[in-house]
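Asker: Protein sequence lines correspond, in order, to chains A and B. Take the first sequence: its position 94, counted from the start at 1, is 94 in our numbering, and no numbers get skipped. Take the second sequence: its position 91, counted from the start at 1, is 1091 in our numbering, and no numbers get skipped. Just so it is clear, CB atoms sit at the ideal spot from N, CA and C, and this is done for glycine as well. First the structure, then my questions, so here it is.
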Amino acid sequence: DAGVIQSPRHEVTEMGQEVTLRCKPISGHNSLFWYRQTMMRGLELLIYFNNNVPIDDSGMPEDRFSAKMPNASFSTLKIQPSEPRDSAVYFCASSPRVDPSTDTQYFGPGTRLTVL
Amino acid sequence: AQTVTQSQPEMSVQEAETVTLSCTYDTSESDYYLFWYKQPPSRQMILVIRQEAYKQQNATENRFSVNFQKAAKSFSLKISDSQLGDAAMYFCAYSSLSGTYKYIFGTGTRLKVLA
């Protein structure tokens, strides 16, 4: 299996621009998670989906952030407009969530976002 | 609300020696999962080991083992025969079984392995 795939690996943009991060979960996994990692705040869960439905988006910092999962094999995290404080590494993770005994999250390689 | 605390921001170990990374957590739940993830400079988060709270036996994976003390809410990671490739950030994580399956991560411990 290819694992969780994220693109792009690096993104540099200017303040005010729209940024779209992409994620392809592991085939067959039912849950998908978006995290943000910064030095100041560590790893924060932004939103997670189960069976393509957003279950908890309480971690989304503000309305500039939105996430979608149109099908089981693709999700996007969009920031519009972007701000310098959004600079971070964004991780996508997926898990089977078929049974609690298999509830391990598998992370993608992350996208390093820099907003100038 | 659950919390996870890693009180050691940084640790060093000599190659081939043993090191223990600490993690404590707070929860009112009786059933949950605990994890250790490794994040090398490549940024990839890699699962190291997992422990189910209902299992009394400590999990082991080759050179990695945990000391799970449920009453004390402690979950330490022991790395034996440390190798240069073990150098990374290590994150402890808690997962509730009640509904959301959300992970709560600690702040991480940076492990340096000295040759």
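Between the C-alpha atoms of A:N52 and A:S94, what's the straight-line distance to the nearest angstrom?
Answerer: Looking at the two C-alpha atoms, the distance is approximately 12 Å.
Asker: So, does the CB of B:K1102 fall closer than 7 Å to a CB anywhere in chain A?
Answerer: yes
Asker: Using DSSP with H/G/I as helix, E/B as strand and the rest coil, what is A:R85?
Answerer: helix
Asker: Under 7 Å, do B:D1026 and B:T1003 count as touching if we go by C-beta distance?
Answerer: yes
Asker: Would you report the Cα separation of A:T38 and B:V1048, rounded to the nearest angstrom?
Answerer: Computed Cα separation, rounded: 22 Å.
Asker: Shorter than 7 Å from the beta carbon of B:F1047 to some beta carbon of chain A?
Answerer: The question names Phe, but residue 1047 of chain B in the sequence shown is Leu. With 7 Å as the cut-off, B:L1047 counts as an interface residue toward chain A.
Asker: According to DSSP, what are the bridge partners of A:C23?
Answerer: Note: A:C23 is bridge-paired with A:Q6 and A:S75 in the DSSP secondary-structure output.
Asker: Could you check which residue in A:L46, A:V115 and A:R41 has the C-alpha nearest to that of A:R34?
Answerer: Before going further, note that residue 34 of chain A is Trp rather than Arg in the sequence given. The shortest Cα separation from A:W34 among A:L46, A:V115 and A:R41 belongs to A:L46.
Asker: Residues of the stretch 1031-1056 of chain B in Cβ contact with chain A at a cutoff of 9 Å, in chain order, please.
Answerer: D1031, Y1033, F1035, Y1037, Q1039, S1042, R1043, Q1044, M1045, I1046, L1047, R1050 and E1052
Asker: Bridge partners for A:S31 per DSSP, in chain order?
Answerer: A:N50 and A:S95
Asker: For A:F107, decide whether its Cβ has a neighbour in chain B, counting only Cβ atoms nearer than 7 Å.
Answerer: yes
Asker: Taking a Cβ distance cut-off of 9 Å, strictly less, list which residues of the stretch 61-93 of chain A are near chain B, in chain order.
Answerer: V89, F91 and A93
Asker: Measuring alpha carbon to alpha carbon, tell me which of B:K1055, B:R1063, B:K1078 and B:A1115 ends up nearest B:C1023.
Answerer: Checked all of B:K1055, B:R1063, B:K1078 and B:A1115; the closest Cα to B:C1023 is B:K1078.
Asker: Mark A:V12 as exposed unless 16 or more other C-beta atoms lie within 10 angstroms of its C-beta, in which case mark it buried.
Answerer: exposed
Asker: Name, in chain order, the residues that DSSP records as bridge partners for A:L43.
Answerer: A:Q37
Asker: Between A:G110 and chain B, is the shortest Cβ-Cβ distance under 7 Å, so that the two count as touching?
Answerer: yes
Asker: Is it the case that the stretch 1083-1090 of chain B contacts the stretch 102-112 of chain A, given that we only count it when at least three CB pairs across the two stretches are under 8 Å?
Answerer: no
Asker: Consult DSSP for B:L1021 and reduce its assignment to one of helix, strand or coil.
Answerer: DSSP places B:L1021 in strand when its eight states are reduced to three.
Asker: Helix, strand or coil for A:D57 per DSSP?
Answerer: coil
Asker: Does the distance from the C-beta atom of B:S1076 to that of B:T1018 stay below 7 Å?
Answerer: Contact: no.
Asker: Strictly below 9 Å CB to CB, what residues from chain A border B:G1108?
Answerer: G42 and L43
Asker: Hey, would you say A:Q17 sits closer than 7 Å to A:S82, going by beta carbons?
Answerer: For the pair A:Q17 and A:S82, the CB atoms are nearer than the 7 Å cut-off.
Asker: Do you know offhand how far A:N30's Cα is from B:S1074's?
Answerer: Distance between the alpha carbons of A:N30 and B:S1074: 30 Å.
Asker: Once the 5 residues before and after A:R36 are set aside, which same chain residues still bring their CB inside 6 Å of it?
Answerer: E44, L46, A88 and Y90
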